[in-house]
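Visitor: Counting from 1, position 22 in the sequence shown corresponds to residue 187 in the working numbering; the numbering is continuous, with no gaps. Ideal placement from N, C-alpha and C gives every residue a C-beta, glycine not left out. All figures in this text were calculated on a predicted structure; none of them were measured in a lab.
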Amino acid sequence: MRPGEPILIICHSFPPNYGIGGRRWAKFAKELAHRGYPVHVIRNSVAPGASTSLWTDDVTDPLIIAHPLPDRYPRAMIRWPATSLWDKLSYGLWKRILPLCTKGNWYDRGLFWRKPMLELAGKLISEHGIRNVIVTGAPFSLLAYATELKKRYSGIHLVSDFRDMWTWGNYYGYQTIGDDRLQHERQLEAMVARVSDKLISPHPAVLDHLHQAHGVLQDRMSVIAHAIDPDDLDMTFTKVPDGLFRMIYAGSMYGTKETNGYFALVLEALRSLKDTRPEAFAKCRFDLYITDHGTEALQQQVKDQGLDAVVHFHVPLPPKEIMKRIAASDLELAFLPRDKKDTMVTKFAEIFYLGCPVLHIGDAGLVSRTIVAQRMGDSLRVEELVRELPRIISGERPIVIDRNADHSDYLLANLTDLLVKEVLQ
């Protein structure tokens with residue numbers, strides 16, 4: 166890629182849109198702009214009064230030029246929980262209308278973006294001489310729409326970024342839309358795999374699927390991890406010597422149904438700690454900063470079981486602030502559902518840099534093996550949680566991390582080097 170050459174990123178949830186989905190490309194856009202590359206971004210517009218991204222400050226560089234498109238997806242479908250009668254009626258109405266608008270997944274938020282997205286992308290490509298186009302999903306419809314740019318504009322180098330699993334995942338409604346619609350989505354997935362110049366993902370398991378399901382050759386795929394941004398890490402922050410054993414959960418809750426089961430077992434473990442090791446219980450605290458997930462039901466469980474003096478819920482905080490709280494903690498709990506047992510998430514490496522051990526809770530897989538092998542913390546199966554968490558809190562099962570392990574491959578500058586040299590053209 167030539168120095169100073171413009172790039173186009175198509176990212177529905179790019180900041181200031183709220184949610185974790187925009188973090189990945191906000192970080193890369195920040196570093197690319199810092200290196201002198203103009204970064205044009207087609208993103209969703211922000212509704213008046215809506216919450217804004219925790220990563221909005223990352224995209225203030227004047228070389229990051231946002232081009233918002235109106236959000237045409239019905240707000241009734243994404244307003245959750247639906248509490249008012251109007252919300253419930255609107256949701257029911259759109260559930261009948263949206264399936265008539267597509268052969269595929271009508272839960273996809275890019276459903277009505279095809280024409281305006283292609284028109285805007287084409288305008289930017291022509292006006293700025295853009296060759297490198299990066300499109301990221303979910304919403305996965307955007308990846309399918311972007312393949313049309315290859316037909317319309319010669320010389321386009323199209324990079325399709327799979328942040329998550331598409332048709333083989335358990336999210337975004339794909340397991341509820343029926344076989345015919347799922348087959349249509351598989352055809353779109355195959356087209357994206359065939360037409361894109363490069364397929365990237367933060368997860369090796371995603372690229373393994375694309376290779377096995379669609380025969381994508383290895384030289385067309387690259388693992389580009391989620392990046393650690395040193396600007397978010399306050400390495401000078403130290404723990405407060407107050408005698409408390411501090412546990413923290415910071416980030417998204419994946420797999421609502423399974424998470425509810427994990428959380429119930431955490432509370433059971435705390436009750437067991439209270440009964441069997443009251444001294445340790447009196448010096449224990451668990452703080453949760455959950456994004457992209459309502460916490461009302463979880464808070465009620467805590468209150469019902471009389472654990473609200475130990476378990477505390479907080480509003481999400483900007484990255485720098487949450488990192489300070491992680492650095493002040495003795496243990497980061499990480500719940501991952503079964504289908505993410507091979508999905509390494511950014512926060513594990515970030516937590517390592519802050520000197521806080523990770524306790525992974527979930528099935529054995531790449532995540533558990535990596536955490537244990539690289540001495541980033543420990544890993545428990547779900548059925549072990551009630552027995553082992555009290556032992557960890559009380560110090561009977563110590564967790565030791567290797568502070569000398571090298572995780573520099575995850576740093577933003579190094580990953581951007583990889584992106585520029587191996588992915589872009």
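Report all residues from its chain with a CB closer than 6 angstroms to the CB of Pro591; omit the five preceding and five following residues, and keep chain order.
Guide: Residue 591 is absent from the model: the chain starts at 166 and stops at 590.
Visitor: From the DSSP output, in three-state form, read off Leu228 for me.
Guide: Coil at Leu228, not helix or strand.
Visitor: So the candidates are Asp574, Ile262, Gly169, Gln464; which of them puts its Cα closest to the Cα of Gly201?
Guide: Taking only the C-alpha atoms, the option nearest Gly201 is Gly169.
Visitor: Just grab the DSSP bridge partners of Ser387 for me.
Guide: According to DSSP, which records beta bridges pairwise, Ser387 is partnered with Ile365.
Visitor: Taking DSSP as the reference, what is the three-state secondary structure of Phe428?
Guide: Phe428: helix per DSSP, three-state reduction.
Visitor: For Asn579, which of helix, strand or coil comes out of DSSP?
Guide: In the structure shown, Asn579 sits in a helix (DSSP, three-state: H, G or I).
Visitor: Examine chain C for any beta-carbon lying closer than 8 angstroms to the beta-carbon of Leu173, and answer yes or no.
Guide: Reference to chain C is not applicable here, since this structure consists of a single protein chain.
Visitor: When DSSP builds the beta bridges, which residues end up paired with Tyr414?
Guide: Looking at the DSSP assignment, Tyr414 forms a beta bridge with Leu453.
Visitor: Please report the residue range of the alpha helix (DSSP H) in which Val532 lies.
Guide: Unbroken alpha helix (DSSP H) run through Val532: 531-538.
Visitor: Going by DSSP in three states, Glu497 sits in which element: helix, strand or coil?
Guide: Strand at Glu497.
Visitor: Can you say whether Leu435 is buried or exposed, counting buried as having 16 or more other CB atoms within 10 angstroms of its CB?
Guide: The residue in question, Leu435, is buried, as its Cβ has 16 or more Cβ neighbours within 10 Å.
Visitor: Where Phe277 and Arg351 are concerned, what is the direct C-alpha to C-alpha distance, given to the nearest angstrom?
Guide: Approximately 19 angstroms, taken between the alpha carbons.
Visitor: Nearest-angstrom Cα distance between Leu398 and Arg490?
Guide: Near 11 angstroms, if we compare the C-alpha coordinates of Arg490 and Leu398.
Visitor: Determine the DSSP secondary structure at Thr341, reduced to helix, strand or coil.
Guide: In the structure shown, Thr341 sits in coil (DSSP, three-state: anything other than H, G, I, E or B).
Visitor: Is Ala390 closer than 8 angstroms to Leu580 when the C-beta atoms are compared?
Guide: Going by C-beta atoms, Leu580 is nearer than 8 angstroms to Ala390.
Visitor: Going by DSSP, name the residue or residues bridged to Thr248.
Guide: Looking at the DSSP assignment, Thr248 forms no beta bridge with any residue, so it has no partner.
Visitor: For Thr267, which residues in the same chain have their Cβ closer than 7 angstroms to its Cβ, ignoring the five residues on either side in sequence?
Guide: So the list reads Leu276, once near-sequence residues are dropped.
Visitor: For a test of the three-state rule: what should DSSP assign to Pro233, helix, strand or coil?
Guide: Three-state DSSP puts Pro233 in a strand.
Visitor: On the DSSP bridge assignment, give the partners of Leu323 in chain order.
Guide: Per DSSP, Val298.
Visitor: Under the assumption that Phe500 contacts Tyr427 (Cβ atoms under 8 angstroms), give the Cβ distance between them as a whole number of angstroms.
Guide: With 8 angstroms as the limit, Phe500 and Tyr427 qualify as a contact, their Cβ atoms being about 4 angstroms apart.
Visitor: From this set, Ala578, Ser178, Leu432, Thr456, which residue's C-alpha is nearest Gly302's C-alpha?
Guide: For Gly302, the nearest C-alpha among the options comes from Ser178.
Visitor: For Arg279, I'd like the list of residues in its chain whose CB is within less than 6 angstroms of its CB, leaving aside the five on either flank, ordered along the chain.
Guide: So the list reads Tyr310, once near-sequence residues are dropped.
Visitor: What does the alpha-carbon distance come out to for the pair Thr535 and Ile290?
Guide: Roughly 41 angstroms separates the two Cα atoms.
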